[in-house]
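Trainee: The structure under discussion is supplied below as structure tokens; questions concerning it will follow.
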Amino acid sequence: MTSGGALAGPFENEVTLSFEVNGRRVTRRGPGHLSLLRWLRDLVGVTDPKYGCGEGVCGSCAVQVDGQVVSSCIVLAAQVDGAKIETASGMCGDDGSLSGLQQAFHEHHAAQCGFCTPGMLMAAASLLEDGRHRSRDEIREALHGNLCRCTGYGPILDAIEAAQAGREATGPRAGSETKLVAG
Amino acid sequence: MSAGEIHSSKAEELRVVNQPLPRPDQREKIAGSTSYAADFGMPGMLHARLVRSQVPSARILRRDVSAARALPGVVAVFLGEDVPHNTVWVDVPGQTVRVAALRASMEVLATDRIRFHGEPVALVVAEEESTLARACQLVEVETEDVPGVFDPFEALAEDAPAVHESGNLLAEWNIDRGDLEEAFAKADAVVEGTYSTQFVDHAYLEPEAGVAWVGDDGVVTIRVCTQVVEHYRDVARILGLPESKVRVVAPYVGGGFGGKEDMTVEPYVALAAWRTGRPVRMQWTRDESLLARAKRHPMHFKYRTAAASDGTLLAEDIEIMADSGAYAYLSALVLLYSSVHACGPYKVPAVRMRARCAYTNNPPTSAFRGFGGMQVVFPYECQMNRLAAKLGLSPDELRKANALTRGDELPVGQPIETEVLLAQTIDAVREAAGPAPQPSRAGKLTGRAIASNFQSYGRCTWLNDSAAAWVGFQLDGSVSVRCGVPDIGGGQASSLAQITAEVLECPLESVTVYFGDSSLTPLAGTTTATRQLLMSGNAAHVAATLLRGYILHGVALELGESEESLELRDGEVVAVGRTVPITEALTMCRRLNVPIEALGTFFGPKGKPVEKELKTDRVFPDFTFGTHLCDVEVDPETGEVTIVRYVASHDVGRAINPLSVHGQISGAAVQGIGMALLEEITLDHGVNLTGGLFQYLVPTATDVPDIETVVLESGEGLGPFGARGIGEPPIGPPLAAVASAVADAIGAWVTDLPITPERVLKAIEESRA
Ligand code: FES
Ligand code: FES
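So this is what it looks like as structure tokens:
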């Protein structure tokens, strides 16, 4: 059994694309019309970015492309060939440990069904990246493109504030989260 | 901050239960490694999609699948005739006819009649997902429009087009109690109001999805996001297989809220896998989910409330009309919930209640968090706030004076058998909220209101509900729990780990829960009706308690001590003068033929079946009570409503995991606020116009404030450790709390949902006229 649904091919408009996904170089051939989301899920087998709407509204497919958060459902994979892609699963350390932000999500019960969580983490990570202090309302504002139907958002805001406070106390941590910094 | 407070009335020494422990399932979700239904695939897997009707009411004249079958990459196209038993049956409780209980049916794939926009007509199976859209277009379905009906009142008119041959009245429930006429005659105040609620979508972030395959043992397995693994029985009936040959596996579900209670993709992926012999995946698009999956029932209410000058409630005269849409699904039960809860958490001596539910050619409606018990909070609590204003009484005192207490009876005759902390929840939200809100700018209007509610937890008592769980020690002292509970994000599995760890005195980390497999885990029933903590929670408690007894028995035999002198503590059996590590105790048990595993079954409280005329003793096991407070600011120029503060308090009996309890209340309150202000499925003569989350407005982080919670623990619930269910109850109060706060701000009532800026402006205008 595999994760994702490996496509068989050959395909019409076949293209060969190469990405660095969570630090791993992956070259695949597939249909040229695939969104980045489907490319990641169906061809690369990285399934933590989720399909929630396919139209750029819900944020559950959010990933970082060369350091920019994008809704991967509305980006053609072929448009960003060669890019460096980070997803939420790539935030974990090599030993599977959670990053500071992920740990804060865990401690503050910021995931219930967890379906929005990978996208939320990507939005939150990029918000905290520049080190500038954000108020709770600014964090709220920054999450307006990420829907959650379970938590009521409060616990997610708690987690992001706690992660921010943790960084301010200790300085940006070396390790998994700095992997997300645009490079 | 949104962190909640907890007030506990009965302290008990608890080590794992009642602790705010981060849930183990969340760790995997946060690490991005949870495999949801659509994340799973198999080698050689095919893809499937439904061809759905484009019109709401029609006769099918011709279906031609030849062009679709001829498309390269298409493996099969199925029609209703290809389904061994093309019918799904639903029991409609209480609606007896002369010969037998009423049952309603719908086709798996429609063969000759279309009753709603989006009804499945054909099933296309292809090698690649990208082929499906084209293949679906090539399926020709020729139809002839048949007059439809799109309003439940019109549906019950004499000359209305019949949605089903049985007639358009699907179900009705009545309550007659006390002398209504006399009560109204002697009343000092009568408040009359009409209210309506809208079609609402569950809008969980995870659209419906599943994979089915046929194993080498001939078993059809369906791995699907569902709240009900027991649908394997329905699939077996459809395929004509023995129930033992179909298995449903529920991975962690990306939100359910009742929308994954009925079958979604199950019959289709099962049929396709069964007929092709290959694994098949189906994933609904968001549009498809918004178009065709059953919604929340729109309801129309007429309330007349009578009271004495001191506020004592004398009577309620209530009419409810619900839109069942095109098929029965769970509509009759939803309406029963509305009926039983219709008078709110109050003593009402005289009641006349008439509830009806009609078929229309609108999208079908079925289960949605709150299940009919939440829509009625809107009218009954707006009535209470209007009554308080009319009599010049405090809304808090009015509620407290009429609140149900232990020993009182509901209008249907059900006694309240546990302690009720309704008054305490009112005080709790007032205390947390403090002084009334002030306008942020000149010209803005502010308002504050409260709304209380009660909501059953556990299934109807005549349904003979039960749940089973298995708990066993591994030889190294770690613990496995097996339980058929589907986990839809509320911590259903992890709470079993907490309960087990508490009873077996072992660390939480040493307990692993296997869940949601209809063949390999003992069946625990549906994750619906706020029943799992009550049912599977108690089953795990029973099993763990049995197992603890076994271990103590084994060690007592070995040491020649009495069982009473032994205790299980911190992973050891403590005897007089010595301790036995658990691993050693297990060895003793095995040597002495004492089991180190146990199956626990919990049976729900029983009651008599209901009839149309509701007069019974006990419909539900018990209820959860609560109160919400809402502060709004309204811009009278634009009609825009901003919720500036929101406090919710419920008596949860005992919080098994306070983090989960806070999460459930916060999430439910926001879902309720969404329904109050934003959400609506828009229809035009049955045609669903809501095409995506651009149009269906789920609250975002900027639409809602933090939900402040005050959790009360009476220890009075029927669940393990005195817990009450909390999944559904907090979605009840927001509709009335928001509407009443808006009324407090603008001095006029908006009684049709959602409360849009247009409706607010109109209400302001009318009140000035
Ligand atoms: S799936 Fe991409 S934004 Fe919703
Ligand atoms: S946790 Fe379920 S959608 Fe956010």
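Those sequence lines, one after another, are chains A and B.
The opening position of the first sequence corresponds to residue 0 in numbering that gives the first Met the number 0, with each subsequent residue numbered one higher.
The opening position of the second sequence corresponds to residue 0 in numbering that gives the first Met the number 0, with each subsequent residue numbered one higher.
Idealized CB from N, CA, C, for every residue including glycine.
1. Is the Cβ-Cβ distance between Arg292 of chain B and His230 of chain B less than 9 Å?
2. For a contact defined as C-beta to C-beta under 8 Å, what are the partners of Pro21 of chain B on chain A?
3. With DSSP as the reference, please indicate the residues paired to Leu122 of chain B in a beta bridge.
4. With DSSP run on the structure shown, which of helix, strand or coil describes Asp24 of chain B?
5. Candidates A:Leu75, A:Ser88 and A:Leu120: which alpha carbon is nearest Leu23 of chain A's?
6. Since Gly49 of chain A is in the beta strand (DSSP E), which residue starts that stretch and which ends it?
7. For Pro414 of chain B, which residues does DSSP report across the bridge?
8. What residue range does the alpha helix (DSSP H) around Met121 of chain A cover?
9. With distances taken Cα to Cα, identify the nearest neighbour of Val68 of chain A among A:Gly58, A:Leu75 and A:Arg37.
10. So for Leu519 of chain B, helix, strand or coil by DSSP?
11. Is the distance from the Cβ of Arg280 of chain B to the Cβ of Gly166 of chain B below 9 Å?
12. Ignore the nearest five residues each way along the sequence and tell me which others in Tyr35 of chain B's own chain have a CB closer than 8 Å to its CB.
13. Against Thr196 of chain A, what residues of chain B qualify as contacts under a CB-to-CB distance less than 7 Å, listed in chain order?
14. Rounded to whole angstroms, what's the CA-CA distance from Met534 of chain B to Lys443 of chain B? Just pull it up for me.
15. Do we get a CB-CB distance below 9 Å when we pair Ile487 of chain B with the residues of chain A?
16. Would you mind reading off the limits of the beta strand (DSSP E) that contains Asp316 of chain B?
17. Determine the chain A residues that contact Thr701 of chain B at a beta-carbon separation under 7 Å, and present them in chain order.
18. Could you tell me whether the Cβ of Gly51 of chain A comes closer than 9 Å to any Cβ of chain B?
19. Taking the alpha carbon of Thr600 of chain B as the reference point, which residue from B:Leu591, B:Thr544, B:Val593 and B:Val646 has its own alpha carbon closest?
20. Kindly indicate which residue of B:Glu141, B:Val124 and B:Tyr645 has the alpha-carbon position closest to the one of Glu430 of chain B.
21. By DSSP, does Leu238 of chain B sit in helix, in strand, or in coil?
22. Would you check if the distance between the CB atom of Val428 of chain B and the CB atom of Ala647 of chain B is smaller than 9 Å?
23. Whole angstroms is fine: what's the gap from Glu13 of chain A's alpha carbon to Arg28 of chain A's?
24. For Tyr513 of chain B, write down the residues that DSSP places opposite it in a beta bridge.
25. Is any heavy atom of ligand 2 found at a distance shorter than 8 Å from the C-beta of Leu146 of chain A?
26. Looking at Leu332 of chain B and ligand 1, is the gap between the Cβ and the nearest heavy atom below 8 Å?
27. Less than 9 Å between the beta carbons of Leu155 of chain B and Asp316 of chain B, yes or no?
28. What number of angstroms, rounded off, separates the C-alpha of Arg58 of chain B from the C-alpha of Phe115 of chain B?
29. Go ahead and label Thr15 of chain A buried or exposed: buried means 16 or more other beta carbons lie within 10 angstroms of its beta carbon, across all protein chains shown.
30. When every heavy atom of ligand 1 is checked, does at least one fall within less than 8 Å of the C-beta of Glu54 of chain A?
31. Take Leu556 of chain B and list the residues in its own chain whose beta-carbon comes closer than 8 Å to its own, dropping the five residues that flank it on each side.
32. Closest Cβ-Cβ distance between Gln163 of chain A and chain B: below 9 Å?
33. With a threshold of 8 Å on Cβ separation, who are the neighbours of Leu522 of chain B within its own chain once the five nearest residues in sequence on each side are excluded?
34. Can you give, in chain order, each stretch of the beta strand (DSSP E) that sits fully within the stretch 227-306 of chain B and has at least 3 residues?
35. Is it buried or exposed for His143 of chain A, if we count other Cβ within 10 angstroms and need 16 for buried?
36. Tell me the DSSP bridge mates of Met373 of chain B?
Mentor: Considering the structure as presented:
1. Translated into positions along the second sequence, residue 292 of chain B becomes position 293. Translated into positions along the second sequence, residue 230 of chain B becomes position 231. Going by C-beta atoms, Arg292 of chain B is not nearer than 9 Å to His230 of chain B.
2. Counting from one through the second sequence, the residue named residue 21 of chain B turns up at place 22. Identification of chain A residues near Pro21 of chain B by a Cβ-Cβ cut-off of 8 Å yields His105, Glu106 and His108, ordered along the chain.
3. Your numbering for residue 122 of chain B matches position 123 in the second sequence. B:Leu49 and B:Phe77.
4. Residue mapping note: residue 24 of chain B aligns to position 25 of the second sequence, counting from 1. Helix at Asp24 of chain B.
5. Numbered from its first residue, the first sequence carries residue 23 of chain A at position 24. In the sequence under discussion, the amino acid at residue 23 of chain A is Arg, which differs from the Leu named in the question. Of the candidates A:Leu75, A:Ser88 and A:Leu120, the one whose C-alpha sits nearest the C-alpha of Arg23 of chain A is A:Ser88.
6. Residue 49 of chain A sits at position 50 when you count from the first residue of the first sequence. The residue you asked about is not Gly; residue 49 of chain A is Lys in the sequence shown. According to the DSSP assignment, Lys49 of chain A belongs to no beta strand (DSSP E), since it is labelled neither H nor E.
7. Mapped onto the second sequence, residue 414 of chain B falls at position 415. Pro414 of chain B is bridged by DSSP to B:Glu408.
8. Start at 1 with the first residue of the first sequence, and residue 121 of chain A comes out as number 122. In the DSSP annotation of this structure, the continuous segment of the alpha helix (DSSP H) that includes Met121 of chain A starts and ends at Thr116 to Leu127.
9. Within the first sequence, numbered from 1, the residue matching residue 68 of chain A stands at position 69. Of the residues A:Gly58, A:Leu75 and A:Arg37, the one whose Cα lies closest to the Cα of Val68 of chain A is A:Gly58.
10. Walking along the second sequence from the start, residue 519 of chain B turns up at place 520. Leu519 of chain B: coil per DSSP, three-state reduction.
11. The residue given as residue 280 of chain B occupies position 281 in the second sequence. The residue given as residue 166 of chain B occupies position 167 in the second sequence. Contact: no.
12. On the second sequence, residue 35 of chain B is found 36 positions in, with the first residue counted as 1. Closer than 8 Å at the Cβ level, and outside the excluded window around Tyr35 of chain B, lie Glu205, Ala208, Cys224, Pro250, Tyr251, Val252 and Gly253.
13. Because chain A is modelled from 0 through 182, residue 196 of chain A falls outside the range shown and cannot be assessed.
14. In the second sequence, residue 534 of chain B corresponds to position 535, counting from 1. In the second sequence, residue 443 of chain B corresponds to position 444, counting from 1. Their Cα atoms are separated by approximately 49 Å.
15. Working through the second sequence from its first residue, we reach residue 487 of chain B at position 488. Ile487 of chain B counts as touching chain A.
16. Position 317 of the second sequence, counted from the first residue, corresponds to residue 316 of chain B. Taken as a continuous stretch (DSSP letters only), the beta strand (DSSP E) holding Asp316 of chain B covers Leu312 to Gly324.
17. Against the second sequence, residue 701 of chain B aligns to sequence position 702. Arg139, Glu140 and His143, listed in chain order.
18. Residue mapping note: residue 51 of chain A aligns to position 52 of the first sequence, counting from 1. Under the 9 Å criterion on CB atoms, Gly51 of chain A is classed as interfacial with respect to chain B.
19. Working through the second sequence from its first residue, we reach residue 600 of chain B at position 601. Among B:Leu591, B:Thr544, B:Val593 and B:Val646, the Cα nearest to that of Thr600 of chain B is on B:Thr544.
20. The residue labelled residue 430 of chain B in the question sits at position 431 within the second sequence. Nearest of B:Glu141, B:Val124 and B:Tyr645 to Glu430 of chain B, Cα basis: B:Tyr645.
21. To locate residue 238 of chain B, count along the second sequence from 1; it is residue 239. Judged by DSSP in its simplified three-state form, Leu238 of chain B adopts helix.
22. Within the second sequence, residue 428 of chain B is the residue found at index 429, counting from 1. Within the second sequence, residue 647 of chain B is the residue found at index 648, counting from 1. In contact: Val428 of chain B and Ala647 of chain B (Cβ atoms closer than 9 Å).
23. Numbered from 1 along the first sequence, position 14 holds the residue referred to as residue 13 of chain A. Numbered from 1 along the first sequence, position 29 holds the residue referred to as residue 28 of chain A. Using only the alpha carbons, I get a separation of about 7 Å.
24. On the second sequence, residue 513 of chain B is found 514 positions in, with the first residue counted as 1. According to DSSP, residue pairing for Tyr513 of chain B in a beta bridge involves B:Arg481.
25. As a position in the first sequence, residue 146 of chain A is number 147, starting the count at 1. Yes, the Cβ of Leu146 of chain A comes within 8 Å of a heavy atom of ligand 2.
26. Taking the first residue of the second sequence as position 1, residue 332 of chain B is located at position 333. For Leu332 of chain B, the shortest C-beta to heavy atom distance toward ligand 1 is 8 Å or greater.
27. On the second sequence, position 156 is the one that residue 155 of chain B refers to. On the second sequence, position 317 is the one that residue 316 of chain B refers to. The beta carbons of Leu155 of chain B and Asp316 of chain B sit no closer together than 9 Å.
28. Taking the second sequence and counting its residues from 1, one reaches residue 58 of chain B at position 59. Taking the second sequence and counting its residues from 1, one reaches residue 115 of chain B at position 116. About 11 Å.
29. Start at 1 with the first residue of the first sequence, and residue 15 of chain A comes out as number 16. Residue environment: Thr15 of chain A is assigned as exposed (fewer than 16 neighbouring CB atoms within 10 Å of its CB, all protein chains considered).
30. By 1-based counting over the first sequence, the position of residue 54 of chain A is 55. Within the cutoff, so yes.
31. Walking along the second sequence from the start, residue 556 of chain B turns up at place 557. Excluding sequence neighbours, Leu556 of chain B sits near Met587, Leu591 and Val593.
32. Looking up residue 163 of chain A in the first sequence gives position 164. With respect to chain B, the C-beta atom of Gln163 of chain A has no partner C-beta closer than 9 Å.
33. Counted from its first residue, the second sequence places residue 522 of chain B at position 523. Once the five neighbours on either side are set aside, the close Cβ partners of Leu522 of chain B are Val228, Glu229, Ala466, Ala467 and Gly483.
34. DSSP runs (the beta strand (DSSP E)) wholly in the stretch 227-306 of chain B: 245-248, 279-282 and 298-306.
35. Taking the first sequence and counting its residues from 1, one reaches residue 143 of chain A at position 144. By the 10 Å Cβ count, His143 of chain A comes out exposed.
36. As a working note, residue 373 of chain B is residue 374 in the second sequence. Met373 of chain B is not bridged to any residue.
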